[in-house]
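Quick note: the sequence shown, position 84, residue 84 per UniProt numbering, numbers continuous. For every residue, glycine included, the Cβ atom is placed at its ideal position computed from N, Cα and C.
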Amino acid sequence: QHHRNQCQYCRLKKCLKVGMRREAVQRGRLPTQSFHGQFALTNGDPLQCHSYLSGYISLLLRAEPYPTSRFGSQCLQSNNLMGIENICELAARMLFSAVEWARNIPFFPDLQVPDQVALLRLTWSELFVLNAAQCSMPVHVAPLLAAAGLHASPMSADRVVAFMDHIRVFQEQVEKLKVLQVDSAEYSCVKAIVLFTTDACGLSDVAHVESLQEKSQCALEEYVRSQ
């Protein structure tokens with residue numbers, strides 16, 4: 001939340017810091033063909049910063065393994081009754097999509113493998129919610145997810161209560177995101193912000209992960225201002 005309270009000048013300075021300085025990014029962190037020469041820009045030109053961050057967002061979008069039209073298309077058909085197997089397949093597809101997306105976005109594949117695992121282990125549930133909202137998952141799917149979970153693993157009464165509470169929160173968050181009408185570029189930036197969290201345990205370079213989160217934050221802020 002402290003990011004939102006900064007003035008535009010402070011945000012621009014942070015944008016330039018994480019996006020324009022060569023020393024802020026290690027060699028090979030972005031595809032050379034896509035961003036050739038742009039790390040050398042140090043004159044603080046806001047137009048160049050905008051171009052850099054636009055390119056970053058484009059790479060985030062291209063990393064999506066499934067188009068929204070295919071992602072969860074079965075559940076988008078209101079007249080299609082989904083069984084437990086279909087729901088499990090849909091949930092697995094969304095989890096797979098989150099992992100594949102992370103493996104293909106800038107910077108993440110260059111992190112050490114234990115760091116990649118730690119980040120995905122901590123953030124998979126949030127990425128799952130974002131993917132569910134992005135594919136416009138209808139409200140009726142949440143109870144089916146609950147049924148699938150209960151079917152897959154017998155639980156005690158206490159665990160059932162806690163599990164159903166998680167399903168309720170999941171449904172509420174998906175609905176809130178759908179009301180906001182978040183577009184694909186915004187979803188990609190938000191997912192990158194979520195993924196590059198310093199809350200993961202055992203990270204080998206916390207400062208670097210934090211700089212990647214700040215880069216994603218700057219990209220989102222710049223994109224929103226440009227709309």
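- Within the same chain, Phe170, Gln173, Val174, Leu177 come within 8 Å of Val129 by CB-CB distance, once the 5 residues on both sides are set aside.
- Contact between the segment 180-194 and the segment 52-65 is established, with three or more Cβ pairs separated by less than 8 Å.
- Less than 8 Å separates the beta-carbon of Leu59 from that of Pro106.
- In this structure, the beta-carbon distance from Ser204 to Asp115 falls below 8 Å.
- With respect to Thr197, Leu120 sits apart: the two C-beta atoms are not nearer than 8 Å.
- When DSSP states are grouped into helix, strand and coil, Leu195 belongs to the helix group.
- The residue among Ser125, Gln227, Ser51, Phe108 with its C-alpha nearest the C-alpha of Leu95 is Ser125.
- Annotation: Gln227 is outside any alpha helix (DSSP H) and is labelled neither H nor E by DSSP.
- Under the three-state reduction of DSSP output, Cys135 falls in the coil class, being neither helix nor strand.
- Burial check for Ser216: the Cβ neighbour count within 10 Å reaches 16 or more, so the residue is buried.
- Leaving aside the five residues that flank Leu212 on each side, the residues in its chain whose CB is nearer than 7 Å to its CB run, in chain order, Phe107, Phe196.
- In chain order, Ala118 place their CB closer than 7 Å to the CB of Cys201, counting only its own chain and leaving out the 5 sequence neighbours on each side.
- Asn131 places its beta carbon less than 8 Å from that of Ser97.
- Of the other Cβ atoms in all chains shown, 16 or more fall within 10 Å of the Cβ of Ala133; this residue is therefore buried.
- Here the alpha carbons of Tyr56 and His166 stand approximately 33 Å from one another.
- Using a 10 angstroms sphere on the CB of Val113, the tally of other CB atoms stays under 16, which defines it as exposed.
- Here Val190 carries a helix assignment [DSSP, helix/strand/coil].
- If you check the CB distance, Val194 and Leu127 come in under 8 Å.
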